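Heads up, the sequence shown is in numbering that gives the first Met the number 0, so the first residue is 0 and it goes up one at a time.
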Amino acid sequence: MATPVVKAADITNRLSWFIGLASFALIIVLLRYAEDILVPVAFAILLAFLLSPLVVRLNRIGLPKPLAIILTVTVAFSVIGGIGWLVTTQAISLIRELPNHEENLRQKIAALKRPQSPEVMTRVTGMVENLRREIKSPAPDVQVTAPPPGEAKPVAVEVQEADSTPWELARNLVTPVLRPLGVAGIVIVFVVAMLFQREDLRDRFLKLVSAGKLNVATQAIDDAATRVSRYLVMQLIVNASYGVPIGLGIWWIGIPNAPLWGLLATLLRFIPFIGPWIAAAFPVMLSVAVDPGWTMLLYTLALFVVMELISNNIIEIVLYGASTGISNMALLIAAVFWTWLWGPAGLVLSTPLTVCLLVLGNHVPGMSFLSSLLGSQPALEPPAHFYQRMLSMESEDMLEVASTYIGEHSVEEFYEQIFVPALLMSEEDRHSGSLPEVRQRFIFQAGRELIEELERQDEVARVEDAGGSANLDQTNTQPTTPVVLGLSARDEADELVGLMLCHMLRRRHIPAAVNPLAASLDDALAALAHGQISLAFVSALPPSAVTAARHMCRRVRLQSPEAPLIVGIWRHGAPLAEIAQRLSMHKPTAVVDSLREAVVRIEAIVGPRELPVKPTEPAVAASDSNAAAEAGATTPIAIESRP
């Protein structure tokens with residue numbers, strides 16, 4: 000009976016994938032063939048997003064809404080028209096001046112062709128000339144044969160285009176001008192209509208897409224409007240802070256039409272990735288034509304490179320950083336996709352449109368994959384990312400992740416928020432049988448080495464802060480009897496968490512150690528019973544943590560009924576009061592579920608201690624414990640400890 004259900008589910012999944020793929024293809028086709036309508040509408044929506052805050056502010060200060068809209072649109076398009084007029088006049092002026100620089104270009108080309116010019120340039124010029132002659136020469140395998148005697152020679156045919164009529168000539172001249180003007184007119188009409196009916200359009204859109212979830216749809220629209228508006232405003236500020244210095248620098252260098260190049264640098268930066276370099280190409284080429292030498296070229300290149308570095312690494316980070324929430328790779332892919340779909344207009348619109356897709360992924364459950372694909376947030380949560388590094392068996396990557404997190408937070412937070420949750424993931428996989436043995440061994444070994452390395456770094460930092468020289472050979476002390484003893488409830492995962500807790504205790508000058516799994520548990524319990532150890536804690540990591548901890552508590556209480564005993568059930572899903580009730584028959588001093596709480600409880604019982612003085616003589620070996628006891632020394636037990 001189970002087989003038909005599986006087949007039906009498989010068919011349903013395949014049908015869902017097919018419907019999704021067909022829907023995506025249909026949307027792409029509609030976007031491609033409705034370009035003439037959708038592009039003006041998209042530009043109008045962006046301008047409406049940009050102008051809406053100004054309209055709202057003018058309306059709030061008492062200006063009637065129609066007057067506020069008319070004033071805002073008039074000012075906005077007057078500025079756009081003024082910029083267009085300035086660009087046009089500057090371009091006409093440049094075209095008139097270009098023939099005056101023809102002699103400079105001739106001299107530079109002649110200099111590159113002279114034999115005494117640099118060898119590399121001479122060889123490059125010769126190569127280009129040889130390739131040009133090779134391309135123009137006929138193919139060697141083409142045999143040109145004369146026609147046989149008596150055969151009529153083919154009649155040469157010459158195709159001549161008919162003279163264009165005045166109407167065709169006017170159409171060819173006017174069409175390239177009327178099309179942009181028509182698009183601009185459509186954009187203006189749409190912007191005015193959207194601003195006048197902003198609330199009505201918002202309500203209609205909410206009713207169309209909310210599907211009964213008005214709260215989610217409202218949040219999505221607000222999020223999209225905020226992100227797009229912030230992006231446009233901040234991008235305009237960033238572009239102006241880039242274009243104005245470019246214009247001033249070009250004017251100082253002496254290149255003609257500096258206002259034109261400053262404006263182009265400002266406007267073309269709206270085009271992702273390639274816009275700034277397109278803006279730089281024109282003044283760079285003009286510097287070659289204007290300057291008899293090469294000084295202007297070098298200055299111009301240096302100006303654009305320096306401004307790019309300042310804008311990308313300082314201005315953008317300070318002003319808006321990653322305000323769109325889109326990753327750089329997603330921006331690049333989106334730029335390529337929208338350029339393929341709508342050409343240059345798509346390249347300009349790529350970032351705002353991708354922001355809208357990201358908002359859909361954030362708020363619509365069925366499209367959450369867009370958030371993972373486009374968002375700048377890490378795809379994996381920090382614990383999952385650290386666990387993935389464990390699974391990759393890259394100890395250096397594990398240390399890098401740990402160092403990065405500790406640099407922003409602390410060692411304690413790394414253990415609590417990253418290491419223990421990642422170790423819990425590995426335990427769940429291990430107990431389910433999905434974690435191979437080789438990866439289990441690596442996780443335990445690399446985890447132990449990571450804790451030792453973090454502790455070694457702490458010791459080095461402590462020595463350096465004290466003004467001493469951080470000699471790594473002298474930072475490790477010989478084994479001593481600890482004040483706090485850790486007991487692993489079951490396996491190496493419990494031992495690893497115990498080592499983390501010991502590290503946190505030693506950072507507070509409380510000597511602590513974990514009894515190794517390979518060592519005798521009876522010796523450790525005997526030391527606790529005789530008062531050589533002040534406190535014991537049980538480390539238990541799920542799954543089956545409570546059962547394992549209960550068995551360990553019973554063994555402790557059999558030998559030390561009154562000794563302080565802290566039980567740590569790390570990150571268990573059950574309420575802490577319920578866990579404490581299940582362990583109450585063994586009378587633990589406290590039951591905790593976090594390393595931080597364990598440190599607080601232990602410190603309240605044993606108190607902070609001064610760091611012990613490092614012994615000058617080698618520690619007594621475990622086999623010579625009787626002789627050490629006769630000499631009055633503290634009897635060591637079979638544990639590893641570094642105070």
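All C-beta atoms, glycine included, are put in the ideal place defined by N, C-alpha and C. Nothing here was measured: the structure is a model prediction, and the numbers come from that model.
Best match in the options for proximity to residue i [C-alpha to C-alpha]
| i | options | result |
| --- | --- | --- |
| Val599 | Glu577, Gly567, Ser310, Asp490 | Gly567 |
| Arg455 | Pro179, Asp396, Ser402 | Ser402 |
| Trp250 | Asp457, Pro381, Trp84, Ser286 | Ser286 |
| Pro343 | Ala21, Phe441, Phe42, Gly360 | Phe42 |
| Phe281 | Phe76, Ile245, Pro63, Leu582 | Ile245 |
| Arg105 | Asp521, Pro291, Glu415 | Pro291 |
| Tyr414 | Ser15, Leu20, Cys501, Leu359 | Cys501 |
| Trp276 | Asp202, Ala288, Val289, Leu302 | Leu302 |
| Asp35 | Phe418, Lys64, Ile185 | Ile185 |
| Pro541 | Ile565, Glu494, Val555 | Glu494 |
| Leu564 | Arg95, Cys552, Ala573 | Cys552 |
| Asp522 | Ala539, Leu594, Ser559 | Ser559 |
| Met392 | Glu561, Leu372, Ile442 | Ile442 |
| Glu412 | Phe385, Arg59, Leu594 | Leu594 |
| Leu180 | Leu235, Ala90, Gly253, Gly83 | Gly83 |
N-terminal and C-terminal residue of the alpha helix (DSSP H) that residue i is part of
| i | result |
| --- | --- |
| Ser394 | 394 to 407 |
| Phe281 | 274 to 289 |
| Phe76 | 64 to 96 |
| Ser425 | 419 to 431 |
| Ala589 | Run containing Ala589: none in the alpha helix (DSSP H); it sits in the beta strand (DSSP E), 589 to 591. |
| Gly446 | 436 to 464 |
| Gln196 | From DSSP, Gln196 is part of no alpha helix (DSSP H); its letter is neither H nor E. |
| Tyr386 | 381 to 390 |
| Ala46 | For clarity, residue 46 is Leu in the given sequence; the question names Ala instead. Leu46 -> alpha helix (DSSP H) spans 34 to 59. |
Beta-carbon spacing of residue i, residue j below 8 Å
| i | j | result |
| --- | --- | --- |
| Gly485 | Ala512 | yes |
| Phe48 | Val227 | yes |
| Ile450 | Leu498 | yes |
| Ala278 | Leu296 | no |
| Ile270 | Leu194 | no |
| Val78 | Leu259 | no |
| Ala333 | Thr353 | yes |
| Asp222 | Val55 | no |
| Trp337 | Ser349 | yes |
| Val40 | Phe189 | yes |
| Leu70 | Leu57 | yes |
Three-state secondary structure assigned by DSSP to residue i
| i | result |
| --- | --- |
| Gly567 | strand |
| Val482 | coil |
| Trp538 | With the sequence shown as reference, residue 538 is identified as Ser, and Trp is not the correct amino acid for it. Correct three-state label for Ser538: strand. |
| Ala511 | strand |
| Ser310 | helix |
| Ala576 | helix |
| Ser487 | strand |
| Phe269 | coil |
| Leu296 | helix |
| Ala333 | helix |
| Ile254 | coil |
| His529 | coil |
| Arg506 | coil |
| Gly631 | Only weak support is given to the placement of Gly631: the predicted model assigns it a pLDDT of 35, under 50, and the value that follows is read from those uncertain coordinates. Note: Gly631 maps to coil in three-state DSSP. |
| Ser22 | helix |
Pairwise C-alpha distance: residue j and residue i
| i | j | result |
| --- | --- | --- |
| Tyr230 | Trp569 | 44 Å |
| Val482 | Arg447 | 21 Å |
| His585 | Arg549 | 8 Å |
| Ala544 | Ala488 | 8 Å |
| Val459 | Glu452 | 10 Å |
| Ser92 | Ser310 | 30 Å |
| Ala589 | Leu398 | 33 Å |
| Glu380 | Gln580 | 33 Å |
| Gly19 | Met233 | 36 Å |
| Arg506 | Asp428 | 32 Å |
| Ala492 | Leu50 | 59 Å |
| Ile716 | Gly406 | Residue 716 lies beyond the residue range present for the chain, which begins at 0 and ends at 642; the question has no answer from this structure. |
| Ala183 | Ile313 | 35 Å |
| Arg178 | Ile187 | 14 Å |
| Ile94 | Ala67 | 40 Å |
| Asn12 | Leu372 | 21 Å |
| Ile220 | Trp293 | 53 Å |
| Gly242 | Leu267 | 10 Å |
| Ser394 | Arg438 | 12 Å |
Run of the beta strand (DSSP E) containing residue i, from where it starts to where it stops
| i | result |
| --- | --- |
| Leu582 | Per DSSP, Leu582 belongs to no beta strand (DSSP E) and is neither H nor E. |
Cβ of residue i within 8 Å of any chain D Cβ
| i | result |
| --- | --- |
| Met424 | Reference to chain D is not applicable here, since this structure consists of a single protein chain. |
The ligand SAH heavy atom lying under 7 Å from the CB of residue i
| i | result |
| --- | --- |
| Arg388 | The ligand SAH is absent from the structure shown, which contains no ligand whatsoever. |
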